[in-house]
């Protein structure tokens with residue numbers, strides 16, 4: 001009896017959904033690699049397109065890596081609800097007795113684990129390629145660790161709004177990129193500051209605040225948007 | 232009192248009342264705008280530092296104020312439509328988006344024209360300019376979402392969610408950009424106790440601000456009326472109207 005009640009708890013539903021989404025992502029390995037490859041390729045284009053001089057590269061590396069990460073997240077966002085919407089499971093998820101905000105959070109967490117986390121793991125390597133100064137590498141990694149979940153959470157709102165549309169892609173970037181501005185500013189700025197030997201606790205606190213704000217508010221907006229998109 | 236509001240909430244009564252209100256609003260707007268422009272362009276003395284070129288302030292500042300004001304109105308109307316399913320609130324939100332975008336655009340263009348003689352450049356990546364530009368993108372997002380969803384009802388609700396997300400974000404964007412870099416002069420009018428602007432300039436400025444508000448109200452009513460007719464085209468009263476009875 002007790003066991004049964006536990007199986008129907010909210011935490012269980014959260015974990016089941018998380019596991020399902022991760023499993024789906026792992027079975028679709030080609031798509032799993034796409035954002036990561038995109039991240040690498042965009043970052044590679046900058047030295048080729050602008051300059052290969054390490055000193056110039058170092059000054060813009062933080063911004064380039066941040067923008068590349070941002071675009072890679074944007075590219076991968078479409079998958080967040082699309083397939084579930086097409087096969088109808090999204091409707092069932094929203095109809096389930098559990099609060100939809102928590103289930104949305106599970107889906108966003110799964111999305112971050114398959115896109116944000118690989119980006120984070122690849123960042124140290126790209127930081128060396130882009131000649132990020134030694135002192136700033138840790139900061140770059142930390143800002144991305146705090147920032148990419150915000151990108152996923154805020155992006156989920158935009159995807160939820162456009163999931164019912166046939167050509168949502170271009171509109172999605174119009175909806176979401178302006179909302180990414182603060183994260184980009186503080187993320188890239190912190191790396192620049194730490195390369196100049198300045199303290200960056202302020203920027204890191206701001207990014208943490210954004211993360212907490214996005215964690216608490218974005219799922220609400222996403223769930224509301226999904227409910228609108230479905231009916 | 233409340234019955235008046237309830238009546239106003241019904242598209243049919245709104246159409247009737249707004250039709251009666253429109254000429255008054257329109258003439259008042261024209262009057263105020265003419266007065267404000269005369270005061271600003273003719274009566275107000277040239278600035279001791281910027282000469283005559285400061286006069287663009289009488290367009291620039293009111294449109295910048297309106298760009299934020301309209302966004303707040305749009306988000307509030309969207310929230311009302313989202314919560315209480317009030318048709319008219321949806322209409323107001325939908326009609327506000329393009330007006331707000333044009334105010335934002337006007338503020339950007341006049342600011343850039345003003346920047347050339349003053350700062351020596353049309354554009355700098357300064358805090359206020361950047362956040363105004365981001366605001367324009369937010370407006371475009373709302374307009375784009377409205378255009379992309381065929382069902383007007385769904386479009387309004389989706390755009391309302393986006394506008395509300397934007398309202399949370401605008402202060403964050405504004406302050407993060409401000410913290411990032413600042414060249415734009417500080418506010419001169421909102422310091423209530425001792426405005427650093429002379430009365431002869433302040434009066435036309437406030438007149439213009441009022442005129443812009445009324446202009447917004449006028450254009451909003453006109454757009455809302457068309458929007459109401461389009462959304463209610465299946466209802467009996469619109470058909471009656473169309474038949475010209």
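Chains as they are written, first to last, in this note's numbering: chain A, 1 to 231; chain B, 232 to 476. Where is the CB? At the ideal position from N, CA and C, for every residue including glycine.
Go to residue i, then tell me how far its alpha helix (DSSP H) extends in each direction, as first and last residue.
i: residue 335(B); result: 318 to 350
i: residue 82(A); result: 82 to 87
i: residue 197(A); result: It is not in any alpha helix (DSSP H) - residue 197(A) carries neither H nor E in the DSSP assignment.
i: residue 72(A); result: 54 to 77
i: residue 380(B); result: Segment: none, residue 380(B) is in no alpha helix (DSSP H) and carries neither H nor E.
i: residue 12(A); result: 10 to 27
When the Cα atoms are used, what is the spatial distance from residue i to residue j?
i: residue 165(A); j: residue 270(B); result: 50 Å
i: residue 218(A); j: residue 73(A); result: 16 Å
i: residue 396(B); j: residue 86(A); result: 26 Å
i: residue 82(A); j: residue 429(B); result: 58 Å
i: residue 144(A); j: residue 339(B); result: 32 Å
i: residue 92(A); j: residue 84(A); result: 9 Å
i: residue 31(A); j: residue 116(A); result: 14 Å
i: residue 265(B); j: residue 173(A); result: 41 Å
i: residue 56(A); j: residue 318(B); result: 56 Å
i: residue 456(B); j: residue 392(B); result: 23 Å
i: residue 16(A); j: residue 231(A); result: 25 Å
i: residue 440(B); j: residue 353(B); result: 24 Å
i: residue 194(A); j: residue 378(B); result: 44 Å
i: residue 18(A); j: residue 147(A); result: 21 Å
i: residue 314(B); j: residue 327(B); result: 19 Å
i: residue 46(A); j: residue 189(A); result: 19 Å
i: residue 474(B); j: residue 467(B); result: 11 Å
i: residue 259(B); j: residue 472(B); result: 28 Å
i: residue 111(A); j: residue 384(B); result: 30 Å
i: residue 454(B); j: residue 61(A); result: 47 Å
i: residue 323(B); j: residue 41(A); result: 45 Å
i: residue 355(B); j: residue 304(B); result: 29 Å
i: residue 253(B); j: residue 446(B); result: 11 Å
i: residue 312(B); j: residue 221(A); result: 15 Å
i: residue 308(B); j: residue 330(B); result: 14 Å
i: residue 108(A); j: residue 207(A); result: 18 Å
i: residue 154(A); j: residue 255(B); result: 44 Å
i: residue 334(B); j: residue 448(B); result: 13 Å
Output, in chain order, the set of chain A residues within a Cβ distance shorter than 7 Å of residue i.
i: residue 393(B); result: 161 and 175
i: residue 369(B); result: 178
i: residue 335(B); result: Residues of chain A passing the Cβ test: none, with the nearest at roughly 12 Å.
i: residue 375(B); result: 171 and 174
i: residue 404(B); result: 181 and 182
i: residue 331(B); result: Simply none; closest approach about 14 Å.
Which chain A residues are close to residue i, counting only those with a beta carbon under 9 Å from its beta carbon?
i: residue 343(B); result: Per Cβ cutoff of 9 Å: no residues; residue 343(B) is ~19 Å from chain A at best.
At a CB-CB cut-off below 8 Å, which residues of chain B make contact with residue i?
i: residue 236(A); result: Given a span of 1 to 231 for chain A in the structure shown, any question on residue 236(A) remains unanswerable.
i: residue 165(A); result: 379 and 380
i: residue 228(A); result: 385, 388, 389 and 392
i: residue 221(A); result: 392, 395 and 396
Applying a beta-carbon distance threshold of less than 8 Å, which residues of chain A neighbour residue i?
i: residue 407(B); result: 181, 182, 185, 186 and 206
i: residue 339(B); result: Per Cβ cutoff of 8 Å: no residues; residue 339(B) is ~14 Å from chain A at best.
Residue i versus chain B: which residues are under 7 Å apart at the beta carbon?
i: residue 105(A); result: Ordered by position in chain B, no residue passes the 7 Å Cβ test against residue 105(A), which lies about 16 Å from the chain.
i: residue 72(A); result: What residue 72(A) touches in chain B: nothing, since even the nearest Cβ is about 20 Å away.
i: residue 225(A); result: 389 and 392
Distance cutoff 7 Å, beta carbons only. Does residue i sit that close to anything in chain D?
i: residue 66(A); result: In the structure shown, chain D cannot be found, because the protein chains are A and B.
For this session: List in chain order: all unbroken alpha helix (DSSP H) runs of 4+ residues lying wholly within the segment 88 to 143 of chain A.
Result: 89 to 95, 100 to 111 and 117 to 129
For this session: Within the segment 247 to 329 of chain B, note down every full alpha helix (DSSP H) run reaching 4 residues or more, in order along the chain.
Result: 288 to 315
Exercise. Listed in chain order, which residues of the segment 182 to 208 of chain A have Cβ atoms closer than 7 Å to some Cβ of chain B?
Worked result: 182, 185, 186 and 189
Exercise. Taking the runs of the alpha helix (DSSP H) that are 4 residues or longer, which of them lie wholly in the segment 429 to 469 of chain B?
Worked result: Counting only runs of 4 or more, we get 430 to 462.
Problem set entry | Contact set between the segment 133 to 159 of chain A and chain B, restricted to residues whose Cβ is under 9 Å from the partner | 154, 157 and 158
For this session: Below 7 Å between beta carbons is the criterion; list the residues of the segment 255 to 277 of chain B that meet it against any residue of chain A, in chain order.
Result: Listed by position along the chain: nothing, the set is empty.
Exercise. For the segment 69 to 99 of chain A, which residues have a CB atom closer than 8 Å to at least one CB atom of chain B, in sequence order?
Worked result: Against chain B - using a Cβ distance shorter than 8 Å - the segment 69 to 99 of chain A contributes no residues.
Exercise. Between the segment 304 to 327 of chain B and chain A, which residues of the former have CB atoms less than 7 Å from a CB of the latter, in chain order?
Worked result: none
For this session: For the segment 346 to 369 of chain B, enumerate the residues whose C-beta is nearer than 7 Å to any C-beta of chain A, in chain order.
Result: 365, 368 and 369
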